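Peer 1: Here it is: the structure, laid out below.
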Amino acid sequence: MRNSFRTFNKHFTFISFRKLPHSFGYVTSSSSTHPTFSFSQFRSSSHSSSPSSSFMEVLKAIAKQDFASHGNVAIRADQKSYSYMQIISSAQKISNLLCGSNVKAGNLGGARIGIVAKPSAEFVAAVLGTWLSGGVAVPLAVSYPEVELLYVMNNSDTSAILSTEDHSELMQNIANKTSSQFFHLPPVANKSLEKSRDEHSQNGKIDADGILLEKFERSSQDPALILYTSGTTGKPKGVVHTHGSIIAQVEFLPKFSVGGIWKRWRESYPTEGSKADDATTVFTGVPTMYARLIQGYRAMDPELQAVSASAARNLRLMMCGSSALPQPVMQEWEAITGHRLLERYGMTEFVMALSNPLKGERKAGTVGKPLPGVQVKILADEEHGNEINEAGELCVKSPSLFKEYWKLPEVTKESFTEEGFFKTGDAVTTDKDGYYIILGRTSADIIKAGGYKLSALEIESVIIELSQNVVSWAYHTKNMEKLLVQLSCQKLMLNESEMKSQSRL
Numbered sequence: 001m002r003n004s005f006r007t008f009n010k011h012f013t014f015i016s017f018r019k020l021p022h023s024f025g026y027v028t029s030s031s032s033t034h035p036t037f038s039f040s041q042f043r044s045s046s047h048s049s050s051p052s053s054s055f056m057e058v059l060k061a062i063a064k065q066d067f068a069s070h071g072n073v074a075i076r077a078d079q080k081s082y083s084y085m086q087i088i089s090s091a092q093k094i095s096n097l098l099c100g101s102n103v104k105a106g107n108l109g110g111a112r113i114g115i116v117a118k119p120s121a122e123f124v125a126a127v128l129g130t131w132l133s134g135g136v137a138v139p140l141a142v143s144y145p146e147v148e149l150l151y152v153m154n155n156s157d158t159s160a161i162l163s164t165e166d167h168s169e170l171m172q173n174i175a176n177k178t179s180s181q182f183f184h185l186p187p188v189a190n191k192s193l194e195k196s197r198d199e200h201s202q203n204g205k206i207d208a209d210g211i212l213l214e215k216f217e218r219s220s221q222d223p224a225l226i227l228y229t230s231g232t233t234g235k236p237k238g239v240v241h242t243h244g245s246i247i248a249q250v251e252f253l254p255k256f257s258v259g260g261i262w263k264r265w266r267e268s269y270p271t272e273g274s275k276a277d278d279a280t281t282v283f284t285g286v287p288t289m290y291a292r293l294i295q296g297y298r299a300m301d302p303e304l305q306a307v308s309a310s311a312a313r314n315l316r317l318m319m320c321g322s323s324a325l326p327q328p329v330m331q332e333w334e335a336i337t338g339h340r341l342l343e344r345y346g347m348t349e350f351v352m353a354l355s356n357p358l359k360g361e362r363k364a365g366t367v368g369k370p371l372p373g374v375q376v377k378i379l380a381d382e383e384h385g386n387e388i389n390e391a392g393e394l395c396v397k398s399p400s401l402f403k404e405y406w407k408l409p410e411v412t413k414e415s416f417t418e419e420g421f422f423k424t425g426d427a428v429t430t431d432k433d434g435y436y437i438i439l440g441r442t443s444a445d446i447i448k449a450g451g452y453k454l455s456a457l458e459i460e461s462v463i464i465e466l467s468q469n470v471v472s473w474a475y476h477t478k479n480m481e482k483l484l485v486q487l488s489c490q491k492l493m494l495n496e497s498e499m500k501s502q503s504r505l
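This note's numbering applies: residue 1 is where the sequence shown begins, and numbers increase by one.
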């Protein structure tokens, strides 16, 4: 996923799914050895179909469900478990903290609240607490240098910062420099599941309306979240997501540990035919992660390889995104685990738009077809936005599409067609079956030479598929008439004719 959730993705790791009662879809449970967020895509007939629904209305529905009052685990972090009730109660305390300050009495009215926390229950509670208060959450990555933190704070007009104790010194300094208020994030109370159940049985059902007061009056078009892009082609842009776009679809990318991943899968499926209660069933990663997992697998002794491969085969689904997956990686991964990776495509601006099928042919080197509810078209720059069937810029219209670029009205306007399609800046084409192929960024990866448009990514993918290990890069002359590719082979077994036979030159 390009520029995908640059701030949010620092906070999450791999997830697994178990069925929720009633009609609420899936809730995740995760590794006990890594800080994780058990995310739920909550959907019910009374909320998911309503155009006026907000993410917070769904949270209110969760609080009213019986499972919330019985202490079911929502989040596992640092070998501790937190119930839905504990998270919601902590969010309410944070809301009271914010609304009791002079940020804006009673309701934040869309004020931006910066959030700094490691992967934890506190981070999740801070986001929900901000939304309960009518604020807009602005996650700040703990890895940001001070200059970037200051840029995001000033650009988003952040009024207050919520920070855990371990980042308080840095963030207090940032708050002083930006004239923002600073608040310590209170720790989320952690109790044993049995104790939580006992307390709930004494108190009866959760009084959702009493706990959450009347702070759910949110339009689906109200801003809820500002995520900043990576800024690879300029200053980072604040992508504004509404409650409606969040409820449409949310995805988090994982925090990664090669040994930890393989260990987690072995713990999930310790023996043939057995499955742990909190087993990982779905995994998503980027190409580099799968390449490193393969390296980790090769380093194992044969006995551990057999156990690890057997465990991995039990997962329900494995996905890949962020950049093109080299075919050799896909092929070796399928040979080891039996999983043909599902590739898909998304951006911070709309989360996910294209995907290979869950059931059906998954084509290597493609990102599949539009997901349900998503409209796409290909535009040619030369024709000023006329739709074509050949290569051109991908444009997307989706229920999860962002609202605007923060404080950049002209950029926002230029980023959309008259029909409301978002211009992704990615060049694409389709194969004979209608599967989309990403050729690269129109501003960086598509190079004009000799009257042709060349995709640097496509050239690179061909080189990577060669049997010998090579290092490749591309550059052009000052007049941009030539594209040159250099190869550095560890074993000099390639020759010019072999290169030409495997490349379109």
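Using N, Cα and C, we set each Cβ at its ideal position, and we do this for glycine too.
For clarity, every value in this text was computed on a predicted model and none was experimentally measured.
My output table needs one value for TYR405: the three-state DSSP class, helix, strand or coil.
Peer 2: One-based indexing of the sequence shown puts residue 405 at position 405. If DSSP states are grouped into helix, strand and coil, TYR405 belongs with the strands.
Peer 1: Buried or exposed, going by whether 16 or more other CB atoms sit within 10 Å of the CB of LYS397?
Peer 2: Walking along the sequence shown from the start, residue 397 turns up at place 397. LYS397 should be labelled buried.
Peer 1: Consider the C-beta atom of GLN375 and the heavy atoms of the ligand ADP; say whether any pair is separated by less than 7 Å.
Peer 2: Summarising the ligand content, the structure contains no ligands, and the ligand ADP is consequently not present.
Peer 1: Terminal residues of the continuous alpha helix (DSSP H) containing VAL376?
Peer 2: On the sequence shown, position 376 is the one that residue 376 refers to. Run containing VAL376: none in the alpha helix (DSSP H); it sits in the beta strand (DSSP E), 375-380.
Peer 1: Which ranges does the beta strand (DSSP E) cover as unbroken runs of at least 3 residues, wholly within the region 312-342, from first to last along the chain?
Peer 2: Listed in chain order, the complete beta strand (DSSP E) runs (minimum 3 residues) inside the region 312-342 are 317-320.
Peer 1: So, helix, strand or coil for PHE350, using DSSP?
Peer 2: For the purposes of this step, residue 350 is taken as the residue at position 350 of the sequence shown. Coil at PHE350, not helix or strand.
Peer 1: Does the beta-carbon distance from GLY346 to ALA353 come in below 8 Å?
Peer 2: Translated into the one-based positions of the sequence shown, residue 346 becomes position 346. Translated into the one-based positions of the sequence shown, residue 353 becomes position 353. The answer is yes: Cβ separation under 8 Å.
Peer 1: Would you tell me roughly how many angstroms separate the C-alpha atoms of GLU349 and THR271, rounded to the nearest one?
Peer 2: In the sequence shown, counting from the first residue as 1, residue 349 sits at position 349. In the sequence shown, counting from the first residue as 1, residue 271 sits at position 271. About 42 Å.
Peer 1: Spell out the partners DSSP gives LYS80 in its beta bridges.
Peer 2: By 1-based counting over the sequence shown, the position of residue 80 is 80. Bridge partners of LYS80: ALA77.
Peer 1: Can you tell me which of TRP406, THR424, ALA306 and ALA299 puts its alpha carbon nearest to the alpha carbon of GLY338?
Peer 2: Working through the sequence shown from its first residue, we reach residue 338 at position 338. Nearest of TRP406, THR424, ALA306 and ALA299 to GLY338, Cα basis: ALA306.
Peer 1: Pick out the complete alpha helix (DSSP H) segments inside the region 76-157, 4 residues or longer, and give them in chain order.
Peer 2: Here the runs fully enclosed are 84-99, 121-132 and 146-156.
Peer 1: If we count Cβ pairs, one from each stretch, closer than 8 Å, do we get three or more for the region 261-269 versus the region 161-178?
Peer 2: Touching, no, given that fewer than three Cβ pairs across the two stretches are closer than 8 Å.
Peer 1: Can at least three beta-carbon pairs, one atom from the region 149-169 and one from the region 70-90, be found at a separation below 8 Å?
Peer 2: As far as the Cβ criterion goes, the region 149-169 does not touch the region 70-90, which means the pair count is below three.
Peer 1: Just mark ASN154 as buried or exposed, buried being the case when its beta carbon has 16 or more other beta carbons within 10 Å.
Peer 2: Position 154 of the sequence shown, counted from the start, is the residue given in the question as residue 154. Burial call: exposed.
Peer 1: Assuming ILE438 contacts ALA324 (C-beta within less than 8 Å), just tell me the rounded distance between them.
Peer 2: To locate residue 438, count along the sequence shown from 1; it is residue 438. To locate residue 324, count along the sequence shown from 1; it is residue 324. Sure, about 6 Å apart at Cβ, within 8 Å.
Peer 1: Would you say MET319 and LEU293 are within 8 Å of each other, going by their C-beta atoms?
Peer 2: By 1-based counting over the sequence shown, the position of residue 319 is 319. By 1-based counting over the sequence shown, the position of residue 293 is 293. No. Outside cutoff.
Peer 1: By Cβ distance, which residues of its chain are closer than 8 Å to VAL428, with the 5 residues on each side in sequence left out?
Peer 2: Taking the first residue of the sequence shown as 1, we reach residue 428 at position 428. Cβ within range, chain order: ILE378, ALA391, GLY392, GLU393, LEU394, TYR436, ILE437, ILE438 and LEU439.
Peer 1: Let me check one thing: in DSSP terms, what residues is SER355 bridge-paired to?
Peer 2: Counted from its first residue, the sequence shown places residue 355 at position 355. BP columns for SER355 point to ARG344 and LYS369.
Peer 1: Please classify GLY296: does DSSP put it in a helix, a strand, or coil?
Peer 2: Within the sequence shown, numbered from 1, the residue matching residue 296 stands at position 296. Here GLY296 sits in helix by DSSP.
Peer 1: Could you give the C-beta distance for ARG112 and SER156, rounded to a whole number, given that I count them as a contact under 8 Å?
Peer 2: To locate residue 112, count along the sequence shown from 1; it is residue 112. To locate residue 156, count along the sequence shown from 1; it is residue 156. Confirmed, about 5 Å.
Peer 1: Could you tell me how far apart the beta carbons of LEU317 and VAL282 are, in whole angstroms, since I believe they sit closer than 8 Å?
Peer 2: Along the sequence shown, one-based indexing puts residue 317 at 317. Along the sequence shown, one-based indexing puts residue 282 at 282. With 8 Å as the limit, LEU317 and VAL282 qualify as a contact, their Cβ atoms being about 5 Å apart.
Peer 1: Report the option in VAL351, LEU162 and GLU303 whose CA atom is closest to the CA atom of PHE182.
Peer 2: Residue numbering aside, residue 182 sits at position 182 when the sequence shown is read from its first letter. Comparing Cα-Cα distances from PHE182 to each of VAL351, LEU162 and GLU303, the minimum goes to LEU162.
Peer 1: Just list the residues that DSSP pairs GLN181 with in beta bridges.
Peer 2: If you number the sequence shown from 1, residue 181 lands on position 181. DSSP lists ALA160 as partners of GLN181.
Peer 1: Can you tell me where the beta strand (DSSP E) holding GLU267 begins and where it ends?
Peer 2: One-based indexing of the sequence shown puts residue 267 at position 267. No beta strand (DSSP E) contains GLU267, which is instead part of the alpha helix (DSSP H) from 258-268.
Peer 1: Could you check what DSSP says for ALA309 in three-state terms: helix, strand or coil?
Peer 2: Position 309 of the sequence shown, counting from 1, holds the residue named residue 309. It is helical.
Peer 1: Out of curiosity, what's the CA-to-CA distance linking GLY273 and GLN331?
Peer 2: As a position in the sequence shown, residue 273 is number 273, starting the count at 1. As a position in the sequence shown, residue 331 is number 331, starting the count at 1. Their Cα atoms are separated by approximately 26 Å.
Peer 1: Taking the DSSP output, what are the residues bridged to ILE533?
Peer 2: Nothing can be reported for residue 533, as the shown portion of the chain is limited to 1 through 505.
Peer 1: So the candidates are GLN79, VAL258, LYS237 and VAL152; which of them puts its Cα closest to the Cα of GLY285?
Peer 2: Numbered from its first residue, the sequence shown carries residue 285 at position 285. That would be VAL258, whose Cα lies nearest to the Cα of GLY285.
Peer 1: Could you compute how far the alpha carbon of LEU355 sits from the alpha carbon of VAL147?
Peer 2: If you number the sequence shown from 1, residue 355 lands on position 355. If you number the sequence shown from 1, residue 147 lands on position 147. Note on identity: in this sequence residue 355 is Ser, with Leu being the wrong assignment. So the two alpha carbons sit approximately 37 Å from each other.
Peer 1: In this structure, does DSSP put VAL282 in helix, strand or coil?
Peer 2: Taking the sequence shown and counting its residues from 1, one reaches residue 282 at position 282. Strand at VAL282.
Peer 1: Which residue from GLU303, GLY238 and VAL329 puts its Cα closest to that of GLN295?
Peer 2: Position 295 of the sequence shown, counting from 1, holds the residue named residue 295. Closest option to GLN295, Cα to Cα, is VAL329.
Peer 1: Report back the beta-carbon spacing between LYS403 and HIS241 to the nearest angstrom; my notes put them in contact at under 8 Å.
Peer 2: In the sequence shown, residue 403 corresponds to position 403, counting from 1. In the sequence shown, residue 241 corresponds to position 241, counting from 1. So it is a contact: roughly 7 Å between Cβ atoms.
Peer 1: For TYR405, collect the residues of the same chain with a Cβ closer than 6 Å to its Cβ; drop the 5 residues on either side in sequence, then sort them by chain order.
Peer 2: Residue mapping note: residue 405 aligns to position 405 of the sequence shown, counting from 1. Correct list, in chain order: LYS237, VAL411 and THR412.
Peer 1: To the nearest angstrom, how far is it from the Cα of VAL351 to the Cα of PHE422?
Peer 2: Here residue 351 refers to the residue found at position 351 when the sequence shown is read from its first residue. Here residue 422 refers to the residue found at position 422 when the sequence shown is read from its first residue. Roughly 12 Å between the two C-alpha positions.
Peer 1: Using beta-carbon positions only, say whether ILE115 and LEU140 come within less than 8 Å of one another.
Peer 2: Your numbering for residue 115 matches position 115 in the sequence shown. Your numbering for residue 140 matches position 140 in the sequence shown. Yes, the pair counts as a contact, with Cβ atoms nearer than the cut-off.
Peer 1: Use the C-beta contact count for SER220: other C-beta atoms within 10 angstroms, 16 or more gives buried, fewer gives exposed.
Peer 2: As a working mapping, residue 220 is identified with position 220 in the sequence shown. Buried is the call here.
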